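Take any residue in the sequence shown, note its place counting from 1, add 124, and you have its number in our numbering. For reference, the structure is listed below as structure tokens.
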Amino acid sequence: MNKPTTHQTAPLVVHRPTPIAPATHPAPVVPIQPGTIPAVASVVLPDGRVVTGYAVAPAQPEPVAAKPAVSRAAVNVALGGVGFLAACGGLLLLTSFIAALTAFIGQLIILAAVIFGGWIAVQIFSASGHRGGTTVNIRRAVIKRNHFHG
Numbered sequence: 125m126n127k128p129t130t131h132q133t134a135p136l137v138v139h140r141p142t143p144i145a146p147a148t149h150p151a152p153v154v155p156i157q158p159g160t161i162p163a164v165a166s167v168v169l170p171d172g173r174v175v176t177g178y179a180v181a182p183a184q185p186e187p188v189a190a191k192p193a194v195s196r197a198a199v200n201v202a203l204g205g206v207g208f209l210a211a212c213g214g215l216l217l218l219t220s221f222i223a224a225l226t227a228f229i230g231q232l233i234i235l236a237a238v239i240f241g242g243w244i245a246v247q248i249f250s251a252s253g254h255r256g257g258t259t260v261n262i263r264r265a266v267i268k269r270n271h272f273h274g
């Protein structure tokens, strides 16, 4: 199915890398404080070459602050709940106090009505009090022909 191509292909070109010549100028000298000379490490590569250099200490991450056992959000929610319960308890006591005060005032009103009503009843139905008006002694009166002469 595939037919071979009949046109000419370009010859294959191989590129070889050119080795880099070593530098002729000396490496810059980094001033090191006395007593802090780093250790020199040598590593042998699998092909037999030896690489020598200073050991670089890995970068240490910033120390992470110890996390508390309970998160701040949980503590805030718990404190908010305690405050809410305290406020609800206070409101419950306040409403209970208002209900008791209302009942007490109602009882005082009823007591005043009973006492005042009793005093009025005594005033009306007492026989010892003077009612006012004209007093007529009926025994001395003379009644003639159904007509009263007093």
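Even for Gly, the Cβ is constructed at its ideal location relative to N, Cα and C. In this text the structure is predicted, and so the values were computed from the model without any measurement.
- When only Cα atoms are considered, Tyr178 and Ala163 end up about 6 angstroms apart.
- The beta-bridge partner set that DSSP reports for Ser195 is empty.
- By DSSP's assignment, Ser166 forms a beta bridge with Thr176.
- The C-alpha of Gly213 is placed about 53 angstroms away from the C-alpha of Gln184.
- Contact annotation, Val188 with Val175: C-beta distance approximately 35 angstroms; criterion of less than 8 angstroms not satisfied.
- Close CB contacts of Trp243 within its chain, under the 6 angstroms cut and outside five residues either way in sequence, are absent.
- The straight-line gap separating the alpha-carbon atoms of Gly241 and Leu235 is approximately 10 angstroms.
- Between the C-alpha atoms of Ala165 and Gly172 there is a straight-line separation of about 16 angstroms.
- Separation of Gly207 and Lys191 (C-alpha to C-alpha, rounded to the nearest whole angstrom) is 26 angstroms.
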